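Q: Submitted below is the structure of interest, expressed as structure tokens.
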Amino acid sequence: MGSNGGSPAFSVQARPCGVHNGSKIISVEAGMFDPLMTYDVMVVGGGNAGLCAAITARQTGASVLLLEQAPRELRGGNSRHTRNLRVIHDTPSEFLREVYLEDEYWGDLARVTGGNTDENLSRIMINESAGVTHWMAQCGARFQRSPSGTMNPSRKTAFLLGGGKALLNAYYLTAERLGVDILYDTEVRSLPLDDGFAREVKVVAHGVPTTVCAKAVVVSSGSFQANIDWLKHYWGEAADHFLIRGTAYAKGQILKDLLDQDVAPMGNPAQCHIVAVDARAPKFDGGIVTRLDCVPFSIVVDQNIRRIYDEGADIGPRRYAIWGRLVAQCQNQIAYAVFDSRAEGFFRPSIYPPIRAQTITELAGKLALDPPTLVATIHAFNSAVRSGTLDGNGPSHWQTEGITPPKTRWALPIDTPPFNSYPLGPGITFSYLGVKVDENARVLMTDGRPSGNIFAAGAIMAANVLGQGYLAGMGMTIGTVFGRIAGREAAKYANH
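Counting from 86, one number per residue, gives the positions in the sequence shown under my numbering.
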């Protein structure tokens, strides 16, 4: 069984499983894993939600095994790419300014989801968020103090010092010290249910098929956004061109397995959170650094050199998702943001350099677009620009007249070389399909009754709170709050 990891405060006793696939002992991060033994709590998935569940359960004295499909160097799922979480607070702090109270948080969430949210679960999340930063700090998390660093002080979200990777490293270290057994390179193939109970878990650990047992199971293995074949069921061949911003391991195997066994679904399987990213980004794991900020200061054309939307319509975070969906609907799921040298100073550059040329004709050639058509499109745009004044807000009051679609803000003429372009592709962050849970993070069956011993946290149940849309920092908040709830309730179930 698992070791105590140098933490004598916890007494861990293993119990025979009774169902196993041999007695092969496999090395794990914090001890030796023996498939003949039963853990109190098994956590499937080693991202933020899974770690919060594992640490919380272990802090109660439960024996815990965490199964992570990725190798150690790629552990943590999408949490590796996160940077902040949204929390309520009634006083300013060293890393959060002013105040952000429950009703405002709820109003923001209700607005962005269009009411597609469970208010009871949402308010639980909101209220529980008040205490998470203190708990996170106890587990090694560090937050960026304002106004140091490159991020502006925030009123609604706390930024992680070092980002998601630093948080994961701290959590894994804490979990190991507490005596959580961690098994990497382990794919959970199925959780066979018996009247709503997971009696065993079938896994392939380091290439070895085996069966492991636990009194309670927390699933925190994400949704299915990295499963291109599953995406193609709803998006068709367009999904072949999607770029997955996070982990390649989010295939939805456990999600599908549970739904096939009458676990209640939650969310729209045909919808994904999509943002505009640099089309040169890798297929997987590009992360936030591939997101493009240039759109409001550009014109965006498709492969037929048609502008597809008002580039100045929305300047807030919502614009990323707007443009992600627009690009996903373009031919070959690609578009091009075109701007000139005057616009360069108004936005953060991409991790990739822009495609640059001294003339529009030359730029068109580099983009494999028809040069005369691009020249004509830009000439028509420039002719429609009605200038304002360049002040501290830049060309925010400049707009076009007599052109469709209009550009209602930041309509700078494109006439000063060098001319630049970023290719835009659709970047998939997560899908909106998951499992339904109750206020104790217990998974619900299709007939409405709670499952016997299965709990869920993170993206696999996020649609209960975030049925559509997104708020900055929400993914981490959902994972942290419901991870702690799931870990606490799973340990409570195992102990009784």
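For each residue, glycine too, the CB sits at the ideal point set by N, CA and C.
Computed from a predicted model, the values in this text were never measured in an experiment.
1) What's the call for P177, buried or exposed, on a 16-neighbour Cβ count within 10 Å?
2) Less than 6 angstroms between C-beta atoms, sequence neighbours within five positions excluded: which residues of the same chain meet that for R410?
3) Whether or not the stretch 479-493 and the stretch 284-304 are in contact is what I'm after, with contact meaning three or more pairs of Cβ atoms, one per stretch, closer than 8 angstroms; do they touch?
4) Is the stretch 488-504 in contact with the stretch 314-323, if contact means three or more CB pairs nearer than 8 angstroms?
5) How should T514 be labelled, buried or exposed, when 16 other C-beta atoms within 10 angstroms of its C-beta is the threshold for buried?
6) Grab the span of the beta strand (DSSP E) containing D425 for me, first residue to last.
7) Give me, in chain order, the residues of the same chain whose beta-carbon lies closer than 6 angstroms to that of T141; leave out the 5 immediate sequence neighbours on both sides.
8) Around the C-beta of N505, are 16 or more other C-beta atoms found within 10 angstroms, so that it is buried, or is it exposed?
9) Tell me the DSSP secondary structure of L411 in three-state form.
10) Have a look at D395, C357 and E153 and flag the residue whose alpha-carbon is nearest the alpha-carbon of D270.
11) For D387, count neighbouring C-beta atoms within 10 Å of its own C-beta (all shown protein chains included) and say buried if the count is 16 or more, exposed if not.
12) Spell out whether any CB of chain D is found under 9 angstroms from the CB atom of Q144.
13) Alpha helix (DSSP H) containing F244: first to last residue?
14) Along the chain, where does the beta strand (DSSP E) that runs through V360 open and close?
15) To which residues of the same chain is I400 closer than 6 angstroms at the C-beta, ignoring the five residues directly before and after it?
16) Going by the beta-carbon positions, is the gap between G564 and N201 smaller than 9 angstroms?
17) Looking at the structure shown, is I443 part of a helix, part of a strand, or coil, going by DSSP?
18) Once DSSP output is grouped into helix, strand and coil, what is the label at G307?
19) Quick check on M236: does DSSP put it in helix, strand or coil?
20) Can you tell me which of the three DSSP states E153 falls into?
21) Just mark V385 as buried or exposed, buried being the case when its beta carbon has 16 or more other beta carbons within 10 Å.
22) Could you check whether the stretch 317-331 touches the stretch 253-266, counting it as contact only if at least three pairs of C-beta atoms, one from each stretch, sit closer than 8 angstroms?
23) Express the C-alpha separation of N353 and Q414 in angstroms, rounding to a whole number.
24) Mark D279 as exposed unless 16 or more other C-beta atoms lie within 10 angstroms of its C-beta, in which case mark it buried.
25) Check whether the Cβ of G337 sits closer than 8 angstroms to any heavy atom of the ligand NAP, and report yes or no.
26) Give every residue of the same chain whose Cβ lies closer than 6 angstroms to the Cβ of T458, excluding the five residues on either side of it in the sequence, and list them in chain order.
27) Following the continuous alpha helix (DSSP H) through A139, name the residue where it begins and the one where it ends.
28) Is the distance from the Cβ of L518 to the Cβ of M351 below 9 angstroms?
29) Who are the near neighbours of A335 in its chain, counting only those whose CB is closer than 6 angstroms to its CB and skipping five residues on each side?
30) Which residue or residues does DSSP assign as beta-bridge partners of I267?
31) Helix, strand or coil for K287? Go by DSSP, reduced to three states.
32) Bridge partners of D279, per DSSP?
33) Mind checking whether P502 and T444 have CB atoms under 9 angstroms apart?
34) Hey, would you say N538 sits closer than 9 angstroms to A576, going by beta carbons?
35) Between the alpha carbons of G131 and R196, how many angstroms are there, rounded?
36) Which one of V149, D193 and C379 has the shortest CA to CA distance from R433?
A: Concretely, from the data shown:
1) exposed
2) I359
3) no
4) no
5) buried
6) A420 to D425
7) R569, G572 and R573
8) buried
9) helix
10) E153
11) buried
12) In the structure shown, chain D cannot be found, because there is only a single protein chain.
13) No alpha helix (DSSP H) contains F244, which is instead part of the beta strand (DSSP E) from T242 to F244.
14) C357 to D363
15) P381
16) no
17) Rather than Ile, the amino acid found at residue 443 in this sequence is Gln. In the structure shown, Q443 sits in coil (DSSP, three-state: anything other than H, G, I, E or B).
18) coil
19) Low local confidence applies: a pLDDT of 47 at M236 is under 50, so the model's placement there is unreliable, with the coordinate-based value given in what follows. M236: coil per DSSP, three-state reduction.
20) coil
21) buried
22) no
23) 18 angstroms
24) exposed
25) The ligand NAP is not part of this structure, which contains no ligands at all.
26) I390
27) N133 to Q144
28) yes
29) G307, Q310 and A311
30) L151
31) strand
32) F282
33) yes
34) no
35) 31 angstroms
36) C379
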